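> According to this note's numbering, the sequence shown is numbered sequentially starting from 1.
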Amino acid sequence: METDTIVLKGAEVSAKIKEQVTEELQKLESMPGKLAIIRVGERPDDMSYERGAKKKLESFGLEAESYAFPEEITDQEFKEAFQRINQDERITGILLLRPLPKQIREKDIEEMIDPKKDLDGISPKNIAKVFAGDETGFAPCTAEAVIQVLKAYHIPIAGKRVVIVGRSMVVGKPLSMLMLKENATVTICHTKTREIEETCRNGEILIAAAGKAKMLDKKYVGKDAVVIDVGINVDEEGKLCGDVDFKSIDGQAAMATPVPGGVGMVTTAVLAQHLVRAAREKNTEDCR
Ligand code: NAP
Numbered sequence: 001m002e003t004d005t006i007v008l009k010g011a012e013v014s015a016k017i018k019e020q021v022t023e024e025l026q027k028l029e030s031m032p033g034k035l036a037i038i039r040v041g042e043r044p045d046d047m048s049y050e051r052g053a054k055k056k057l058e059s060f061g062l063e064a065e066s067y068a069f070p071e072e073i074t075d076q077e078f079k080e081a082f083q084r085i086n087q088d089e090r091i092t093g094i095l096l097l098r099p100l101p102k103q104i105r106e107k108d109i110e111e112m113i114d115p116k117k118d119l120d121g122i123s124p125k126n127i128a129k130v131f132a133g134d135e136t137g138f139a140p141c142t143a144e145a146v147i148q149v150l151k152a153y154h155i156p157i158a159g160k161r162v163v164i165v166g167r168s169m170v171v172g173k174p175l176s177m178l179m180l181k182e183n184a185t186v187t188i189c190h191t192k193t194r195e196i197e198e199t200c201r202n203g204e205i206l207i208a209a210a211g212k213a214k215m216l217d218k219k220y221v222g223k224d225a226v227v228i229d230v231g232i233n234v235d236e237e238g239k240l241c242g243d244v245d246f247k248s249i250d251g252q253a254a255m256a257t258p259v260p261g262g263v264g265m266v267t268t269a270v271l272a273q274h275l276v277r278a279a280r281e282k283n284t285e286d287c288r
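1) Evaluate the contact criterion for the segment 110-124 versus the segment 132-140: three or more CB pairs, one atom per stretch, below 8 Å.
2) At 4 residues or longer, and completely inside the segment 89-136: list those alpha helix (DSSP H) runs for me, N to C.
3) Among V163, D286, R280, which one has its Cα closest to the Cα of T193?
4) I'd like to confirm the pairing. Which residues does DSSP put opposite F60 in its beta bridges?
5) With burial defined as no fewer than 16 other Cβ atoms inside 10 Å of the residue's Cβ, what is the status of S14: buried or exposed?
6) How close, in whole Å, do the beta carbons of A254 and V226 come, if the pair is a contact with beta carbons under 8 Å?
7) Could you check whether S66 and E50 sit closer than 7 Å to each other, using their CB atoms as the reference points?
8) Taking the alpha-carbon of T293 as reference, which of V244, G251, S248 has the nearest alpha-carbon?
9) Does the Cβ of K212 lie closer than 6 Å to at least one heavy atom of ligand 1?
10) Starting from the N-terminal side, write out each stretch of the beta strand (DSSP E) that is 3 residues or longer and does not extend beyond the segment 178-243.
11) Once you ignore the five residues that flank I127 on each side, which residues in its own chain have a CB closer than 6 Å to its CB?
12) Would you check whether ligand 1 has a heavy atom nearer than 6 Å to the C-beta of G261?
13) Enumerate in chain order the residues of its own chain whose CB-to-CB distance from E24 is below 6 Å, with the five nearest sequence positions on each side excluded.
14) Between the Cα of M169 and the Cα atoms of I147, I205, A209, which residue gives the shortest distance?
15) Here's a check: name, in chain order, each residue in its chain whose Cβ is nearer than 7 Å to the Cβ of F246, leaving out the five neighbours to either side.
16) Would DSSP call E80 helix, strand or coil?
17) When the Cα of L62 is compared with those of I91, Q103, T5, V186, which residue comes out closest?
18) Let me know if V263 comes out buried or exposed under the rule of 16 or more other beta-carbons within 10 Å of its beta-carbon.
19) Using 8 Å for Cβ pairs, my map puts M179 next to I157. What's the rounded Cβ distance?
20) For K160, I'd like the list of residues in its chain whose CB is within less than 6 Å of its CB, leaving aside the five on either flank, ordered along the chain.
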């Protein structure tokens with residue numbers, strides 16, 4: 001008889017991160033400063049992420065402020081506004097909701113953002129650090145959240161066969177580097193991967209970050225694998241779902257994260273953690 005898959009709950013991981021953040025906050029000698037959430041336009045998924053991030057930060061005793069700009073803002077206008085936020089002493093961290101509208105050169109903004117405030121790891125400096133295995137920068141929060149889920153549940157990574165479906169700069173690529181840093185043996189799958197089901201089945205830890213609703217069913221999951229679902233999609237009934245068909249893999253995977261209630265909750269907790277770290281590092285620098 002097949003046993004049920006253990007559900008890895010984002011709320012439990014987030015609660016552990018909250019304890020660490022609270023401790024760190026108590027050690028800070030001055031106020032941590034705030035997070036600026038920058039949004040252009042009114043995409044529902046951006047607005048929902050913004051609300052979730054604000055709520056999470058506030059529940060951690062941290063401050064977040066939204067800076068919203070109209071969809072039709074010009075490249076020049078946005079850059080000027082962005083630079084003001086970037087240079088504002090009261091702002092310790094920045095979260096830029098992307099993609100930006102086409103008229104704004106996103107690459108320029110990635111170059112402009114102060115790496116010390118770049119809590120979601122979009123600047124070339126922070127990305128280079130992730131790829132160099134240097135932990136002094138900020139990694140993208142979602143990629144780091146995956147590692148934190150595994151660590152919070154004491155799931156060993158070193159030496160494991162980790163298969164990641166997705167190679168974006170937001171999730172798949174940085175996560176593959178974080179996994180390598182943890183001494184995993186990493187395979188990255190994408191739309192051109194042949195025999196993807198077999199490749200995924202070979203993973204002892206399988207990470208889904210394809211952005212395809214319920215794409216990964218039982219055929220993709222090896223017996224007793226740990227499955228981490230990063231996907232946030234809407235199914236045919238309009239309900240939030242992941243990239244993994246949770247019902248299909250139940251009993252096949254040893255453990256899996258649900259959607260909602262999985263990695264997403266941890267991502268915003270990591271964002272809070274990054275804000276407090278940025279504040280601590282700023283204080284140290286100011287004291288020099
Ligand atoms: P993305 O930029 O669209 O990248 C998707 C990746 O998946 C690409 O590398 C693509 O391959 C690959 N892919 C797509 N369909 C595939 C298929 N049928 N077979 C194999 N590979 C496939 O997406 P993203 O920004 O990385 O986001 C991925 C998912 O994570 C989305 O659902 C997003 O909403 C979610 N997300 C969640 C969080 C969170 O906090 N939980 C944060 C960010 C993103 P190619 O490169 O070949 O096109």
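Note that the Cβ used here is the ideal one computed from N, Cα and C, for glycine as well.
Quantities reported herein were computed from a predicted structural model and do not represent experimental measurements.
Inspection of the coordinates gives the following:
1) The segment 110-124 vs the segment 132-140: in contact.
2) Runs of the alpha helix (DSSP H) inside the segment 89-136: 106-112, 124-132.
3) Cα-wise, what sits closest to T193 is V163.
4) In the DSSP output, where bridge partners are listed per residue, F60 has none listed.
5) By the neighbour-count rule (16 or more Cβ atoms within 10 Å), S14 is buried.
6) Separation of the CB atoms of A254 and V226 is rounded to 6 Å, and the pair is thereby assigned contact status at 8 Å.
7) Between E50 and S66, the C-beta gap is smaller than 7 Å, which places the two residues in contact.
8) Coverage of the chain is limited to positions 1 through 288, which leaves residue 293 absent and any answer about it impossible.
9) For K212, the shortest separation between its Cβ and any heavy atom of ligand 1 lies below 6 Å.
10) Segments of the beta strand (DSSP E) lying fully in the segment 178-243: 185-189, 205-208, 226-229.
11) Nothing meets the Cβ criterion.
12) No, since every heavy atom of ligand 1 falls outside the 6 Å radius drawn around the Cβ of G261.
13) These residues qualify, in order along the chain: V276.
14) For M169, the nearest C-alpha among the options comes from A209.
15) The answer, listed in chain order, is A256, P258.
16) Residue state, collapsed to three classes: helix.
17) Closest by alpha carbon: I91.
18) V263 is buried by the Cβ-count criterion.
19) Contact annotation, M179 with I157: C-beta distance approximately 7 Å; criterion of less than 8 Å satisfied.
20) Cβ within range, chain order: A184, E204, I205.
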